[in-house]
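>
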């Protein structure tokens, strides 16, 4: 059985003479193409490889599904569209995960069976079915983009694994109190108290919370303590599917925010969630430490948003008012959290058939 052809890749060509330096070359089907980059310039070599691949898989040829390779479509998407998406590094990573399996296959090979094979392939490489689904979503996005730009004669449909059921884990007030108490047990995790309180009392997503400022910002959200509003996104930020509308500061949260704002501004600190004045990029380690001290299991930072949604429903808040507060559609709020509302199906549960007339 013939060996599977390897894809173009970088190879460090050792210097043939002592007075020469080793250089990176692109190895493709036994042929070498120079990059002009020395051994220490790996970044430049990777750029040269990307340009080589883009030229190799150009979009100037036949746009039929039987002629186009999946790799051509992915590379067109990577070079033309990905640099302009909100999270280009994530899309680029997905493409890296897609290429080993799909390279060598035509666009017409994208079928339900091959998509299932891809999921199995990724699972053998240690990723979950849910993660493989995200990769396939990027493949579908690449195909759709290519069709918009170059008009395919046939547009394959990517078959996705079923979505996992939505997580319903939320925290009780006692659990949140235990976590807040745990933040006082160690100095290096004290900063997460702000993150927890803003999360449960506003339902703001983790990424938006970590970038919050005390002053207006074009790129980050900010807290207007005096005006009583948390602006979840920057003044110039573009609206995305993950809605981030302004939210009124909860009455239980406002006194804490005012004290924290005054303390920070006196020190010249403008970031809300910070550690010793520096912005916190991730709460992963602090979160694990707090959960361990508090004895809380099966929760993630996103559980704070689930908790905020659940508490709003348990308090009997109007569905539309709560949806606007939390930044989600009323339909989603009712579908996922509506059963916590005291009026959930109350009319149906108390309905009676009319009495028969004598």
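Residue numbers (the working numbering): 1299 to 1656.
By construction, the Cβ of each residue, glycine as well, lies at the ideal position given by its N, Cα and C atoms.
Since this is a predicted model, take the numbers as computed values, not measurements.
What is the residue span of the alpha helix (DSSP H) that residue 1622 lies within?
1617-1624
> Across the stretch 1591-1605 and the stretch 1466-1475, are there enough close Cβ pairs to call them in contact, namely three or more that are closer than 8 Å?
yes
> Hey, residue 1416 and residue 1430 are a contact pair by Cβ (cut 8 Å); roughly how many whole angstroms apart?
Residue 1416 to residue 1430, Cβ: 7 Å. Contact.
> Give a yes or no on contact between the stretch 1540-1559 and the stretch 1522-1529, applying the rule of three or more CB pairs nearer than 8 Å.
Segments in contact, yes.
> Determine the contact status of residue 1324 and residue 1310, defining contact as a CB-CB distance below 8 Å.
no
> For residue 1308, collect the residues of the same chain with a Cβ closer than 6 Å to its Cβ; drop the 5 residues on either side in sequence, then sort them by chain order.
1322, 1343, 1347
> Count the other C-beta atoms from every protein chain shown that fall within 10 angstroms of the C-beta of residue 1490, then say buried if there are 16 or more, exposed otherwise.
buried
> Out of curiosity, what's the CA-to-CA distance linking residue 1299 and residue 1462?
Any answer about residue 1299 is weak, because its pLDDT of 44 lies below 50 and its placement is not dependable; what the coordinates show is given next. Their backbone Cα atoms lie some 39 Å apart in a straight line.
> Less than 8 Å separating the beta-carbons of residue 1578 and residue 1508?
Against a cut-off of 8 Å, the Cβ pair of residue 1508 and residue 1578 comes out as a contact.
> Per DSSP, what are the beta-bridge partners of residue 1322 in this structure?
Under DSSP, residue 1322 shares a beta bridge with 1310, 1335.
> May I ask which residues mark the beginning and end of the beta strand (DSSP E) holding residue 1529?
1527-1529
> Cutting at 7 Å between CB atoms, please list the residues of its own chain near residue 1399, excluding the five before and the five after it.
1416, 1419
> Considering just the uninterrupted stretch of the alpha helix (DSSP H) at residue 1564, what are its terminal residues?
It spans 1552-1564 - the alpha helix (DSSP H) in which residue 1564 sits, taken as one unbroken run.
> Within the same chain, show all residues whose beta-carbon is closer than 7 Å to that of residue 1464, passing over the 5 residues directly before and after it, in chain order.
1634
> Rounded to whole angstroms, how far is the Cβ of residue 1456 from the Cβ of residue 1518, which I believe are closer than 8 Å?
Contact flag wrong, Cβ pair sits at about 35 Å.
> From this set, 1522, 1625, 1535, 1368, which residue's C-alpha is nearest residue 1407's C-alpha?
1368
> Enumerated in chain order, which unbroken segments of the alpha helix (DSSP H) with a length of 4 residues or greater are wholly contained in the stretch 1587-1647?
1601-1612, 1617-1624, 1628-1635, 1644-1647
> Would you decide whether residue 1441 is buried or exposed? Buried here means 16 or more other CB atoms lie within 10 Å of its CB.
Answer is buried; the Cβ neighbour count reaches 16.
> According to DSSP, is residue 1585 part of a helix, a strand, or is it coil?
helix
> Can you tell me which of the three DSSP states residue 1453 falls into?
DSSP places residue 1453 outside both helix and strand once states are collapsed to three, so it counts as coil.
> Determine the direct distance from the alpha carbon of residue 1336 to that of residue 1504, and round the result to whole angstroms.
41 Å
> At what residue ranges does the stretch 1454-1524 contain a whole run of the alpha helix (DSSP H), taking only runs of 4 or more?
1471-1480, 1490-1500, 1504-1508
> Which of the three DSSP states is assigned to residue 1568 in this structure?
coil
> How would you label residue 1618, buried or exposed, when you count the other beta carbons within 10 angstroms and need 16 or more for buried?
exposed
> Assign residue 1299 to one of three DSSP states: helix, strand, or coil.
Unreliable positioning characterises residue 1299 in this predicted model, as indicated by a pLDDT of 44, which lies under 50. The coordinate reading is nonetheless provided below. Coil at residue 1299, not helix or strand.
> Tell me where the alpha helix (DSSP H) around residue 1398 begins and ends.
Segment 1386-1400, the alpha helix (DSSP H) holding residue 1398.
> Out of 1590, 1306, 1522, which one is the CA nearest neighbour of residue 1570?
The candidate whose alpha carbon is nearest that of residue 1570 is 1522.
> Compute the Euclidean distance between the alpha carbons of residue 1660 and residue 1366, then round it to the nearest angstrom.
This structure leaves residue 1660 out entirely; the chain is present only between 1299 and 1656.
> Counting along the chain, where does the alpha helix (DSSP H) carrying residue 1369 start and finish?
1368-1378
> What are the boundary residues of the alpha helix (DSSP H) that includes residue 1446?
1427-1448
> When the Cα atoms are used, what is the spatial distance from residue 1644 to residue 1615?
15 Å
> Have a look at 1632, 1587, 1608, 1631 and flag the residue whose alpha-carbon is nearest the alpha-carbon of residue 1485.
Closest option to residue 1485, judged by alpha-carbon separation, among 1632, 1587, 1608, 1631: 1587.
> Is it true that the CB of residue 1454 sits closer than 8 Å to the CB of residue 1405?
yes
> Assuming residue 1379 and residue 1443 form a contact by the criterion Cβ under 8 Å, report the distance between their Cβ atoms to the nearest whole angstrom.
5 Å
> Whole angstroms is fine: what's the gap from residue 1649's alpha carbon to residue 1551's?
40 Å
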